[in-house]
Amino acid sequence: MALASVIGQETATTALRTFIARDAVPQSLLFVGSEGVGKTTTAVEFAKALVCKSRTTTGDACDVCANCRRIDTGEHPDVKRIAPDGEFTRMYQLWSRTGHAPGILESLPYAPVAAPKRVIIFERAETFNDESANSLLKALEEPPPYVNFVLCAPAPSAVLPTILSRCQMIRFRQASTDAITKGLVELKNIPAEEARVLAAYSEGAPGKAFRLADAPEIRTQREALLDVAYRIAQCPPIGSFRLAEDFRNAAKPGKPKKGDAEEDGGDKTARGDLGRALEVLCAWYADLLAVVLRGADAPLIHADRRSAVLDAVKRHTHPEQVAENLQTLFTFRRHLARNANAQLATEVLMAKLVPRS
Ligand SMILES: [Zn+2]
Numbered sequence: 006m007a008l009a010s011v012i013g014q015e016t017a018t019t020a021l022r023t024f025i026a027r028d029a030v031p032q033s034l035l036f037v038g039s040e041g042v043g044k045t046t047t048a049v050e051f052a053k054a055l056v057c058k059s060r061t062t063t064g065d066a067c068d069v070c071a072n073c074r075r076i077d078t079g080e081h082p083d084v085k086r087i088a089p090d091g092e093f094t095r096m097y098q099l100w101s102r103t104g105h106a107p108g109i110l111e112s113l114p115y116a117p118v119a120a121p122k123r124v125i126i127f128e129r130a131e132t133f134n135d136e137s138a139n140s141l142l143k144a145l146e147e148p149p150p151y152v153n154f155v156l157c158a159p160a161p162s163a164v165l166p167t168i169l170s171r172c173q174m175i176r177f178r179q180a181s182t183d184a185i186t187k188g189l190v191e192l193k194n195i196p197a198e199e200a201r202v203l204a205a206y207s208e209g210a211p212g213k214a215f216r217l218a219d220a221p222e223i224r225t226q227r228e229a230l231l232d233v234a235y236r237i238a239q240c241p242p243i244g245s246f247r248l249a250e251d252f253r254n255a256a257k258p259g260k261p262k263k264g265d266a267e268e269d270g271g272d273k274t275a276r277g278d279l280g281r282a283l284e285v286l287c288a289w290y291a292d293l294l295a296v297v298l299r300g301a302d303a304p305l306i307h308a309d310r311r312s313a314v315l316d317a318v319k320r321h322t323h324p325e326q327v328a329e330n331l332q333t334l335f336t337f338r339r340h341l342a343r344n345a346n347a348q349l350a351t352e353v354l355m356a357k358l359v360p361r362s
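When we follow this note's numbering, the leftmost residue of the sequence shown carries the number 6, and every step to the right adds one.
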């Protein structure tokens with residue numbers, strides 16, 4: 006891989022390659038963008054481009070020299086990635102503390118050993134606590150000339166203003182569905198139709214799409230949830246309790262066990278599962294609405310289920326019901342976040358979603 010092939014981040018990667026090609030790389034960079042959008046991937050490719058032994062004229066890494074390969078395997082002595090320990094990036098990760106390996110900032114006075122630069126990547130700069138943030142601040146103020154920092158964070162407001170002011174910010178955007186689909190087909194060898202579904206669910210975050218691709222059980226679960234979704238439009242009002250139970254069971258990760266739904270009907274884990282399952286229902290109704298608005302050939306998230314989508318639309322007496330159902334799902338999502346009883350809430354939800362005559 007190289008900077009130029011990071012999915013859907015052409016603006017950010019072009020800026021970085023231009024810095025390198027002009028030999029004008031800011032020593033402290035802050036990569037800002039939502040989770041899974043490609044910040045850490047880009048940071049690693051940027052580090053490769055900085056220390057590559059035979060860099061291209063466009064400021065990208067060769068991908069084959071010793072430095073590139075050692076970074077790819079995470080074994081380069083001068084390129085370090087620091088992820089939080091639990092909730093926080095802690096002092097001992099920066100400065101040596103008894104009982105821990107030497108802190109990363111401890112090495113700053115020493116020149117790099119195998120590359121022209123030392124690159125330090127903080128994967129989650131929003132997790133610095135006050136103590137570690139203040140400590141990093143001193144390093145950011147006057148880094149040695151051979152040190153480059155890359156901090157990654159979800160938003161500028163997630164890091165202390167004092168850190169923000171010492172870094173050059175690079176913004177990462179949501180990647181397009183087309184770009185993510187292409188990436189999944191080329192790098193994960195997934196059929197185009199399925200790749201497009203995963204891309205649609207990833208909300209512009211290639212990292213999320215790749216995680217979905219690596220988790221076949223999530224794909225199986227989504228199929229089960231879509232089966233329930235399809236049954237909604239065929240269900241008489243009296244069958245909505247059963248649908249609610251099937252939905253809760255399909256929402257659980259792994260194989261549902263008998264009686265599970267009622268036992269953990271209101272707990273936090275079940276709500277998290279329901280929240281993810283709700284995404285599938287929303288995507289289903291988005292497809293129904295697409296057909297209502299744009300006709301039978303509308304572009305769909307679940308293109309492989311087009312005949313089921315068309316059938317479900319026909320079973321709604323009024324097309325407006327489809328839009329109302331999407332609204333109902335959004336209301337349900339808010340209630341769920343406010344600790345509503347999951348069992349009761351899903352029963353009310355299904356009663357509202359089944360078509361009225
Ligand atoms: Zn190289």
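Note that the Cβ used here is the ideal one computed from N, Cα and C, for glycine as well.
All values reported here derive from a predicted model rather than from experimental measurement.
In DSSP terms, what residue i is bridged to
| i | result |
| --- | --- |
| Ala158 | Val37 |
| Lys85 | Ile125 |
| Val152 | Arg123 |
| Phe133 | Thr94 |
Minimum C-alpha distance to residue i - residue among the options
| i | options | result |
| --- | --- | --- |
| Ile2 | Ala282, Pro324, Ser33 | Since the displayed the chain opens at 6 and closes at 362, residue 2 lies outside it and no answer follows. |
| Ala220 | Gly209, Cys240, Ala238, Ile195 | Ile195 |
| Arg86 | Ile25, Leu156, Ala288 | Leu156 |
| Ser140 | Leu165, Ala160, Val118, Pro304 | Leu165 |
| Asp28 | Leu35, Asn346, Asp316, Pro150 | Pro150 |
| Thr114 | Leu203, Asp83, Pro159 | Per the sequence presented here, residue 114 reads as Pro, with Thr not at that position. If we check each option's Cα against that of Pro114, Asp83 comes out closest. |
| Glu222 | Lys193, Ala255, Asp302, Ala197 | Ala255 |
| Ala52 | Ile12, Met6, Thr16, Pro89 | Met6 |
| Gln14 | Gly43, Ala288, Leu298, Pro31 | Gly43 |
| Leu358 | His340, Val327, Arg339, Arg343 | Val327 |
| Gln226 | Arg281, Tyr290, Arg310 | Arg281 |
| Ala180 | Pro159, Leu169, Ala210 | Ala210 |
| Ile109 | Phe154, Glu352, His307 | Phe154 |
| Thr47 | Asp77, Ala26, Asn72, Ala71 | Asp77 |
| Ala54 | Ser39, Gly41, Ala71 | Ala71 |
| Leu230 | Lys257, Ala214, Glu208, Leu21 | Lys257 |
| Val118 | Phe93, Pro107, Val152, Cys287 | Val152 |
Simplified DSSP state of residue i, which is helix, strand or coil
| i | result |
| --- | --- |
| Gly270 | Low local confidence applies: a pLDDT of 42 at Gly270 is under 50, so the model's placement there is unreliable, with the coordinate-based value given in what follows. Here Gly270 sits in coil by DSSP. |
| Lys262 | Note that Lys262 scores a pLDDT of 44, beneath 50, so its modelled location is shaky; the value from the coordinates is reported in the next line. In this structure, Lys262 counts as coil in the three-state DSSP scheme. |
| Thr94 | strand |
| Met174 | strand |
| Asn365 | Limits of the chain in this structure are 6 at one end and 362 at the other, which puts residue 365 out of reach. |
| Thr62 | coil |
| Val118 | coil |
| Gln348 | helix |
| Gly108 | coil |
| Thr18 | helix |
| Glu147 | coil |
| Leu217 | helix |
| Thr322 | coil |
| Ala342 | helix |
| Glu222 | helix |
| Asp77 | helix |
| Asn194 | coil |
| Lys53 | helix |
| Trp100 | coil |
| Ser207 | coil |
| Cys70 | coil |
| Ser245 | helix |
| Arg361 | coil |
| Gly387 | Limits of the chain in this structure are 6 at one end and 362 at the other, which puts residue 387 out of reach. |
Cβ-based burial, residue i [other Cβ within 10 Å; buried from 16]
| i | result |
| --- | --- |
| Asp278 | buried |
| Ser312 | exposed |
| Asp251 | buried |
| Val37 | buried |
| Ile243 | exposed |
| Gly212 | buried |
| Ala218 | buried |
| Val69 | exposed |
| Glu198 | exposed |
| Gly104 | exposed |
| Ala116 | exposed |
| Arg310 | buried |
| Ala88 | exposed |
| Glu128 | buried |
| Ala160 | exposed |
| Leu293 | buried |
| Gly264 | Per-residue confidence for Gly264 stands at a pLDDT of 45, beneath the threshold of 50, marking its modelled position as unreliable; the derived number appears in the next sentence. Classification of Gly264: exposed, given that the 10 Å Cβ count is below 16. |
> With contact counted as at least three CB pairs below 8 Å, one residue from each stretch, are the segment 168–188 and the segment 63–74 in contact?
Replying inline: no
> With contact counted as at least three CB pairs below 8 Å, one residue from each stretch, are the segment 93–113 and the segment 53–62 in contact?
Replying inline: no
>> Between the segment 227–237 and the segment 342–349, can you find at least three pairs of beta-carbon atoms closer than 8 Å?
In response: no
> Is the segment 116–128 close to the segment 71–83, with three or more CB pairs under 8 Å?
Replying inline: yes
>> Does the segment 196–209 come into contact with the segment 322–339, if we say contact requires no fewer than three beta-carbon pairs (one atom in each stretch) closer than 8 Å?
In response: no
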